[in-house]
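Peer 1:
Residue numbers (my numbering): 83 to 391.
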């Protein structure tokens, strides 16, 4: 069955390693920064693999060398096989598996990190690696096998791909009570006229949520000029906890706020922006790695029940 693979030279673990270094890094120069000899070696190894398989594995994109469709397919195959070999090695050494879990920065910090020990236990004391990505890129990473599990928006998962619901995420107006005039009611605090007078903090990553917050404020007539422009929602949350400003925060951040100090209200201009957060995985990869879907569904419930407000 495999005779043809061994009938000519050009296929080896070392060549596949060089190809995967380029595939993971995005270019040969990034795969071996500052090492001209290694860069030349990787380039030669890719040419040898191209000769072996009889197809182009890379293509030029401006000055960058990227994977061709055939190269993307080969990288998925190699990644899967190397995962299998590493899992086999660890099984024989009675060592736990290693898994990569990805999420957006705020979801990772607020929802996943507090339950990482419990997740590891549920997955056989697995060693866990965390990675930060946006939902769309995480969906691609799960499909390619670069990420084992992802906590992402349901809308980012392709129809028919496996997932388990974790929680609904809405957006909330969070105002430190000391920034409001004495006697301000919840109804009064829900008025855009009050928002206009408040100092705000906001993210500046240019993502969907950030754009939706700014557009929603504009839509209700608020000249939204945040006093603090932050690199992450975790920083925004910290400023609200310090009672320095108000902010629009997702559901996952609300349990960190003291209701005696911070008034939390539904942010009605974004009521149609509510999202369902799901745990997503690659069915074939999980089957090959010996992780049952029942374990993954229990993992999703674990994340939800430990962090729901």
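Don't be surprised by glycine CBs; every beta carbon is placed ideally from N, CA and C.
Name, in chain order, the residues that DSSP records as bridge partners for residue 363.
Peer 2: Translated into the one-based positions of the chain shown, residue 363 becomes position 281. Residue 363 is bridged to 231.
Peer 1: Could you say which of 312, 385, 256, 233 lies nearest to residue 330 if we only look at CA atoms?
Peer 2: As a first step, residue 330 is located in the chain shown; it is residue number 248 there, counting from the start. Considering only alpha carbons, the answer is 256.
Peer 1: Compare the Cα-Cα distances from residue 386 to each of 301, 198, 225, 351 and report the closest residue.
Peer 2: In the chain shown, residue 386 corresponds to position 304, counting from 1. The residue with the shortest Cα to Cα distance from residue 386 is 198.
Peer 1: Would you kindly check if the distance between the Cβ of residue 187 and the Cβ of residue 384 is under 8 Å?
Peer 2: Taking the first residue of the chain shown as position 1, residue 384 is located at position 302. Taking the first residue of the chain shown as position 1, residue 187 is located at position 105. Their beta carbons are not under 8 Å apart, which means residue 384 does not touch residue 187 by this criterion.
Peer 1: Straight-line CA distance for residue 215 to residue 345?
Peer 2: Position 133 of the chain shown, counting from 1, holds the residue named residue 215. Position 263 of the chain shown, counting from 1, holds the residue named residue 345. The alpha-carbon atoms of residue 215 and residue 345 are separated by roughly 31 Å.
Peer 1: Spatial neighbours of residue 335 within its chain, please: CB distance less than 6 Å, with the 5 preceding and 5 following residues excluded, ordered by chain position.
Peer 2: Within the chain shown, numbered from 1, the residue matching residue 335 stands at position 253. Cβ neighbours of residue 335 beyond the five flanking positions: 192, 319.
Peer 1: Spatial neighbours of residue 393 within its chain, please: C-beta separation below 8 Å, excluding the five flanking residues on both sides.
Peer 2: The first residue shown for the chain is 83 and the last is 391, placing residue 393 beyond what the model contains.
Peer 1: Only counting the same chain, and skipping five residues up and downstream in sequence, which positions put a Cβ closer than 6 Å to that of residue 127?
Peer 2: Reading the chain shown from its first residue, position 45 is the one you call residue 127. If we look at residue 127 and ignore the five residues flanking it on each side, its Cβ neighbours are 97, 100.
Peer 1: Do residue 371 and residue 169 have their C-beta atoms closer together than 8 Å?
Peer 2: As a position in the chain shown, residue 371 is number 289, starting the count at 1. As a position in the chain shown, residue 169 is number 87, starting the count at 1. In this structure, residue 169 lies closer than 8 Å to residue 371 by Cβ.
Peer 1: Can you tell me which residues form a DSSP beta bridge with residue 328?
Peer 2: Here residue 328 corresponds to residue number 246 of the chain shown, with the count starting at 1. In the DSSP output, where bridge partners are listed per residue, residue 328 has 282.
Peer 1: Is residue 390 helix, strand or coil when you go by DSSP?
Peer 2: Position 308 of the chain shown holds residue 390. Because the pLDDT of residue 390 is 40, which lies under 50, any placement of that residue in the model is unreliable, and the question is left without a value.
Peer 1: Considering only the alpha carbon of each residue, which of 136, 144, 143, 105 lies closest to residue 125?
Peer 2: Start at 1 with the first residue of the chain shown, and residue 125 comes out as number 43. Of 136, 144, 143, 105, the residue nearest in Cα terms is 105.
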